[in-house]
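Data block below; observations after.
Numbering (this note's numbering), first residue to last: 1144 to 1392.
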């Protein structure tokens, strides 16, 4: 009932997961990321414990293949589960249970994995992977969205659309970006709108938030306010207004 992409940006080390489904609030259960170390998507007849435990174990150095094999061995429902993950070493492991609903399967490349179930066909994950690999010139978030859009064009979830999510971590256990369209007629374009709104102010704030190696982060608001003002000026020059539904300031 879901397809997703798990990837590490080779230029920055950022980790990201994007997912779409004809299921409510898919972003609440599927994506799990631990800082700049590892990422897991757990789906199909979802067992969220797979994502939590796999992320925790890989974050302290366990290999994706060993963790996944252990989860499969312990779960009596593994035939209905699907999961794929990238560990701290960059290795990928994936599982598609034999009772997952057709079409189901997974593909991968360097630093990227795509998996799905209850899909219109194999082309969904093939086109998702191909679009990601051919869009290396795009910012990481846009690259992930472009990949998911290619999967949707190829048929996506064979039942239709309802929710989608995009999560990216930049080395911290809190996300740099965490967008969700939980119940929407066209959730991937809605993620695009949210990403555009995030660039107005939110990502400027995210850029200066405290980090492990800088517990205080930026404490002088002046540079932040200047960056936001410059973003507003640039958008005005380009003739682009805000796409936010927020109360005007």
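Cβ coordinates follow ideal geometry from the N, Cα and C atoms, glycine included.
- With distances taken between CA atoms, residue 1251 lies nearest to 1233 out of 1296, 1262 and 1233.
- DSSP, read as helix, strand or coil, puts residue 1338 in helix.
- Excluding residues up to 5 positions away in sequence, 1274 and 1331 lie with their Cβ nearer than 8 Å to the Cβ of residue 1292 in the same chain.
- Counting only runs that start and end inside the segment 1258-1290, the alpha helix (DSSP H) elements of at least 4 residues fall at 1266-1276.
- In the DSSP assignment, the residues bridged to residue 1322 are 1309.
- Rounded to whole angstroms, the gap between the alpha carbons of residue 1374 and residue 1364 is 15 Å.
- Around the CB of residue 1300, 16 or more other CB atoms lie within 10 Å, so the residue is classed as buried.
- Taking C-beta atoms under 8 Å as the contact rule, residue 1223 and residue 1245 fail to qualify, at a distance of about 13 Å.
- Within the same chain, Cβ atoms closer than 6 Å to the Cβ of residue 1247 are found at 1239 and 1260, the five residues on either side in sequence being excluded.
- Take the alpha-carbon of residue 1370 and the one of residue 1343: they are about 10 Å apart.
- Excluding five sequence positions before and after residue 1157, the CB atoms of its chain that fall closer than 8 Å to its own CB belong to 1151, 1179, 1283, 1311, 1312, 1313, 1314 and 1319, given in chain order.
- Between the alpha carbons of residue 1159 and residue 1169 lies a distance of about 15 Å.
- Taking every protein chain shown into account, the CB of residue 1386 has fewer than 16 other CB atoms within 10 angstroms, so this residue is exposed.
- The Cβ neighbour count for residue 1256, taken over all protein chains shown within 10 Å, is at least 16; the residue is labelled buried.
- Apart from the 5 residues on each side of it in sequence, residue 1360 sits with its Cβ closer than 6 Å to the Cβ of 1351, 1352 and 1353 in its chain, given in chain order.
- Shown here, residue 1384 sits in coil according to DSSP, grouped into three states, outside any helix or strand.
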